[in-house]
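In the numbering used here, the protein residues as written are 20 to 153.
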């Protein structure tokens, strides 16, 4: 079986009060936040918490709908190179949000997952539900 979930983050002022949420259905979702953060931190935190919340289902595929190219590229493209370079970007500067990314990296071990980019605020039901909660 595949679990399909939307993950989203937000920040008022960016940075400012920040929130995150993931959503499967009205009975299966979670949200949180903190007083000061960025939208990218919120987006990443939603994905991290989704992996943690489904860690007891390691044999289930996870299909994540996400409106953040930053998150999708970070997890699916850039992370292996960053790890090889000691969590530094190609210009030698430290990777932003490295603590959350390292936690996501740990959660990915042994998991089957895919990301699908969805346009934000375009009426996609799951994404809108996650956005409302973030």
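Positions of the beta carbon are idealized from the N, C-alpha and C atoms, including for glycine. None of the values given here were measured: they were computed from a predicted structure.
Residue i and residue j closer than 9 Å at C-beta
i, j, result
"residue 84", "residue 126", "no"
"residue 60", "residue 146", "no"
"residue 80", "residue 123", "no"
"residue 42", "residue 82", "no"
"residue 87", "residue 28", "yes"
"residue 90", "residue 25", "no"
"residue 101", "residue 76", "no"
8 Å contact criterion, which residue i and residue j should meet: CB distance rounded
i, j, result
"residue 52", "residue 32", "The pair is not a contact, with the Cβ atoms about 13 Å apart (cut-off 8 Å)."
"residue 65", "residue 153", "7 Å"
"residue 30", "residue 149", "So it is not a contact: roughly 15 Å between Cβ atoms."
"residue 113", "residue 107", "6 Å"
Residue i, buried or exposed, once every other Cβ within 10 Å from all chains shown has been counted against 16
i, result
"residue 74", "exposed"
"residue 58", "buried"
"residue 78", "exposed"
"residue 111", "exposed"
"residue 68", "buried"
Residue i - containing beta strand (DSSP E), residue span
i, result
"residue 49", "47-56"
"residue 146", "Looking at the DSSP string, residue 146 is not in any beta strand (DSSP E); the run it does join, the alpha helix (DSSP H), is 144-152."
"residue 36", "35-44"
"residue 136", "132-136"
Bridge-paired residues (DSSP) for residue i
i, result
"residue 103", "In the DSSP output, where bridge partners are listed per residue, residue 103 has none listed."
"residue 21", "80"
"residue 72", "Its beta-bridge partners do not exist; DSSP assigns none."
"residue 28", "39"
Extent of the continuous alpha helix (DSSP H) to which residue i belongs
i, result
"residue 92", "88-92"
"residue 117", "117-127"
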